[in-house]
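Scroll down for the structure; my scribbles are underneath it.
Numbering (our numbering), first residue to last: -1 to 137.
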């Protein structure tokens, strides 16, 4: 119960910070607004944890949970992925790191389960709506 209260206060803080940053970036015409969709490998396994995690993402300004996917081709058939839209998605690695931090704050026991982002960082697993940015390695 105490952890749930701490998480709720932490989440409110994150919502306020994200709201402020998104408002500032919108009003100043910042180039930080570069939407992307990432496929996040979940480490939480209980349905209620996945629900709270997805709701927390959607409650945070600039991000939205899109859908939950199960990977039938994985060695362990219980691997699930959450598709997440991020408005400030110029760096998908940063988006994935922020999601990992949120998941670890929600469920501290997953800190020891390091997420394997190598598979999801393949460009086939994340997308940019339009226009597609030019990466330094593409130049």
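Quick reminder that beta carbons are idealized off the backbone N, C-alpha and C, glycines included. In this text, all values refer to a predicted model and were calculated from it rather than measured experimentally.
In the DSSP annotation of this structure, the continuous segment of the beta strand (DSSP E) that includes residue 83 starts and ends at 78 to 84. Residue 63 and residue 104 do not touch by the CB rule: their CB atoms are close to 13 Å apart, not below 8 Å. Within the region 19 to 64, the complete beta strand (DSSP E) runs of at least 3 residues fall at 34 to 39. The beta-carbon distance between residue 49 and residue 82, rounded to whole angstroms, is 14 Å. This is too long to meet the 8 Å contact definition. According to the DSSP assignment, residue 107 belongs to no alpha helix (DSSP H), since it is labelled neither H nor E.
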